[in-house]
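Asker: Before we start, here is the structure in question, set down as structure tokens.
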Amino acid sequence: MNILICGATSAIAQATLNRYAERASHVVLLARNAEKLAAVEADFKARSSADVSSVCIDLADHVAFAEAVAQAADQLKGFDLALVAQGSLPDQVRCESDIDYLREAMQVNTESVILCTQTLANAMQKSGRGVLAVIGSVAGDRGRASNFAYGSCKAAVEAYCSGLRARLMPSGVQVLLIKPGMVATPMTAGMDLPGPLVSSADQVAKSIEKAITKRRDVVYAPGYWALIMLVIRLLPGFIFKRLNF
Numbered sequence: 241m242n243i244l245i246c247g248a249t250s251a252i253a254q255a256t257l258n259r260y261a262e263r264a265s266h267v268v269l270l271a272r273n274a275e276k277l278a279a280v281e282a283d284f285k286a287r288s289s290a291d292v293s294s295v296c297i298d299l300a301d302h303v304a305f306a307e308a309v310a311q312a313a314d315q316l317k318g319f320d321l322a323l324v325a326q327g328s329l330p331d332q333v334r335c336e337s338d339i340d341y342l343r344e345a346m347q348v349n350t351e352s353v354i355l356c357t358q359t360l361a362n363a364m365q366k367s368g369r370g371v372l373a374v375i376g377s378v379a380g381d382r383g384r385a386s387n388f389a390y391g392s393c394k395a396a397v398e399a400y401c402s403g404l405r406a407r408l409m410p411s412g413v414q415v416l417l418i419k420p421g422m423v424a425t426p427m428t429a430g431m432d433l434p435g436p437l438v439s440s441a442d443q444v445a446k447s448i449e450k451a452i453t454k455r456r457d458v459v460y461a462p463g464y465w466a467l468i469m470l471v472i473r474l475l476p477g478f479i480f481k482r483l484n485f
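Each residue of the sequence shown is one higher than the one before, counting from 241 in the working numbering.
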């Protein structure tokens, strides 16, 4: 199984990769932090007999990313799984007052994700196979007062994946959008999260693995978030706009 991971140093990406330790034959890891990337590579090599390589790259550099994908696709003759997992969790209040900060957040969470997704889609379409999995968020379901900057980024990713999925359907490439809820990761460390609703990266990875196997279009991770977000989406606007959450 040939696997490529963008944003390989994220907790969810690592947990997902580890679930394929026994099935992976070739793995390509991409991230911008060289030290963390080397640690992820070493950890996975200890778990798996797969051929593992890593590329330290700024995923916002679409030219360099396209070159890296083209080289990997040529060497491996395509990917069975590509996961787009990069992202950041910006501070909402700062996004409202610091436009440069907001722009950077949108570049990381929208522009970079969409450009990487499309680049991978082009490569995978040539081989006519594989699952292209993209990490979105439940935050993209409806803009909330507490995180609408982040949520709008994820909503854009969801819309792009929806259209791309339809576009690629005849090609044999499956586009999976992953929508995690609250997850205990370094990115959320220090945040005051409601304990009963917080899941681990491994719980999310388990949902991702199941969705990939079943070739799902969209998966809430864990699954109970589908019901939670259904309720939130159904709230009338005159009520929803008064909720500060």
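Every residue, glycine too, gets a C-beta built ideally from N, C-alpha and C.
(1) Strictly by DSSP, which residues pair up with Tyr460?
(2) Would you be able to state if there are at least three C-beta pairs under 8 Å between the stretch 289-308 and the stretch 356-374?
(3) Three or more C-beta pairs closer than 8 Å, one from the stretch 367-382 and one from the stretch 411-431: is that the case here?
(4) By Cβ distance below 7 Å, which residues in the same chain neighbour Leu355 in space, the five residues on each side in sequence not counted?
(5) Roughly how many angstroms lie between the CA atoms of Arg407 and Gly463, to the nearest whole one?
(6) With DSSP as the reference, label Ser289 as helix, strand or coil.
(7) Which term fits Val333, buried or exposed, when burial requires 16 or more other beta carbons within 10 angstroms of its beta carbon?
(8) Per DSSP, what kind of secondary structure is Leu360 in: helix, strand or coil?
(9) Starting from the Cα of Met241, find the closest Cα among Asp298, Val292, Ala399 and give me that residue.
(10) Compare the C-alpha of Leu474 against each of Gly383, Gln443, Val458 and name the closest.
(11) Flag this pair as touching only if the stretch 254-261 and the stretch 277-297 have three or more C-beta atom pairs under 8 Å; answer yes or no.
(12) So for Val438, helix, strand or coil by DSSP?
(13) In angstroms with no decimal places, state the Cα-to-Cα distance between Ala279 and Arg456.
Answerer: Let's see:
(1) Along the sequence shown, one-based indexing puts residue 460 at 220. Tyr460 is bridged by DSSP to Lys419.
(2) yes
(3) yes
(4) By 1-based counting over the sequence shown, the position of residue 355 is 115. Closer than 7 Å at the Cβ level, and outside the excluded window around Leu355, lie His302.
(5) Counting from one through the sequence shown, the residue named residue 407 turns up at place 167. Counting from one through the sequence shown, the residue named residue 463 turns up at place 223. Each residue's Cα considered, the two are about 26 Å apart.
(6) Position 49 of the sequence shown holds residue 289. When secondary structure is reduced to three states using DSSP, Ser289 falls in the coil class, being assigned neither helix nor strand.
(7) Reading the sequence shown from its first residue, position 93 is the one you call residue 333. Label assigned to Val333: exposed.
(8) Indexing the sequence shown from 1 puts residue 360 at position 120. In the three-state reduction of the DSSP assignment, Leu360 falls in the helix class.
(9) What you label residue 241 is simply residue 1 of the sequence shown in a count that begins at 1. Closest option to Met241, Cα to Cα, is Val292.
(10) Locating residue 474 in the sequence shown gives position 234, where the first residue counts as 1. With distances taken between Cα atoms, Leu474 lies closest to Gly383.
(11) yes
(12) Sequence index remark: in the sequence shown, residue 438 carries index 198 (1-based). If DSSP states are grouped into helix, strand and coil, Val438 belongs with coil.
(13) Position 39 of the sequence shown, counted from the start, is the residue given in the question as residue 279. Position 216 of the sequence shown, counted from the start, is the residue given in the question as residue 456. Between Ala279 and Arg456, the C-alpha separation is close to 31 Å.
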